[in-house]
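These notes are about the structure you will find just below.
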Amino acid sequence: MRVGGRTVRELGTSVEDDAQVEVDGRVVRPAAVHTYVVLHKPVGVMTTMRDPEGRRTVADVVRRAGVTARVVPVGRLDYDTSGVLLLTDDGETANVLTHPRFGVEKMYRATVRGRLAPEAIEAIMRGVRLDEGRAAPAQLRVVAVRRDVSLVDITIHEGRNRQVRRMFEVVDHPVVALARLRFGPIALGELAPGAVRPATAREVAALHRIVTDAKAEADA
Ligand code: URA
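Position one of the sequence shown corresponds to residue 10 (the working numbering), numbered consecutively onward.
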């Protein structure tokens with residue numbers, strides 16, 4: 010282990026909060042300094058800290074769950090979208106995770122009207138044209154087809170406003186329900202709507218790896 014560029018061999022060495030610590034040549038950051046919580050955002054909750062119109066916000070939900078750290082949402086989900094939302098007080102990690110350059114993967118389960126023809130699927134996979142420019146290619150998997158709707162898993166790397174809804178609108182299959190199942194390394198799993206859990210050590214390590222890799226890429 011190296012601290013501030015110097016090799017340290019003693020177990021239980023204390024380090025300053027801002028010291029750079031390297032293990033096996035990789036910069037590691039202490040996990041306990043920041044708070045990372047995972048929320049299953051329900052439909053009908055604003056992804057903001059406060060709402061001038063008095064609607065329920067993700068801040069209300071996490072506070073009620075007992076989170077006292079000053080966490081903020083990493084990116085946003087629409088009022089009418091449910092699913093996994095990370096909140097943290099780690100500004101650097103939040104910035105990297107939401108920066109378009111680093112293209113963190115997000116997977117959604119969309120319920121869309123109608124049955125998707127192969128041409129519609131191909132158009133989305135190639136990247137449909139949106140008002141402000143072409144969307145990047147997306148991965149798509151039709152999970153089930155019901156009488157008048159289809160369930161589709163879609164993975165995107167961008168985070169434009171109402172992006173998934175607009176992508177399906179372009180191919181004439183409006184979204185009737187949208188849930189995010191995965192945000193980067195964090196999966197929704199069995200977390201109930203409105204429930205909050207701390208991110209696991211493995212998830213936090215994966216988030217930090219994204220930040221470390223992003224910084225290395227930015228420096229290259
Ligand atoms: N795409 C959308 O259309 N809405 C969301 O909330 C997230 C992604």
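We treat Cβ as the ideally placed atom computed from N, Cα and C, and that holds for glycine.
Under 7 angstroms: does the beta carbon of residue i sit that close to some heavy atom of ligand 1?
i           : result
residue 174 : yes
residue 45  : no
residue 87  : yes
residue 171 : yes
residue 16  : no
residue 90  : yes
residue 149 : no
residue 106 : no
residue 187 : yes
Taking the continuous alpha helix (DSSP H) assigned at residue i, which residues delimit it?
i           : result
residue 107 : 100-107
residue 207 : Careful: residue 207 lies outside any alpha helix (DSSP H), inside the beta strand (DSSP E) at 205-207.
residue 216 : 210-228
residue 68  : 67-73
On the three-state DSSP scale, how would you describe residue i?
i           : result
residue 90  : strand
residue 167 : coil
residue 36  : strand
residue 58  : coil
residue 135 : helix
residue 128 : helix
residue 42  : helix
residue 143 : strand
residue 85  : coil
residue 79  : coil
residue 110 : helix
residue 31  : strand
residue 17  : coil
residue 162 : strand
Could you round the C-beta distance between residue i and residue j to whole angstroms and report it? I think they count as a contact, below 8 angstroms.
i           : j           : result
residue 119 : residue 177 : 6 angstroms
residue 56  : residue 79  : 16 angstroms between Cβ atoms; not a contact.
residue 205 : residue 48  : 5 angstroms
residue 32  : residue 10  : 5 angstroms
residue 165 : residue 115 : 6 angstroms
residue 22  : residue 36  : Wrong, their Cβ atoms sit about 16 angstroms apart, outside the cutoff.
Note the first and the last residue of the continuous beta strand (DSSP E) segment covering residue i.
i           : result
residue 148 : 148-154
residue 177 : No beta strand (DSSP E) contains residue 177, which is instead part of the alpha helix (DSSP H) from 172-179.
residue 122 : 115-122
residue 188 : 184-192
residue 48  : 45-50
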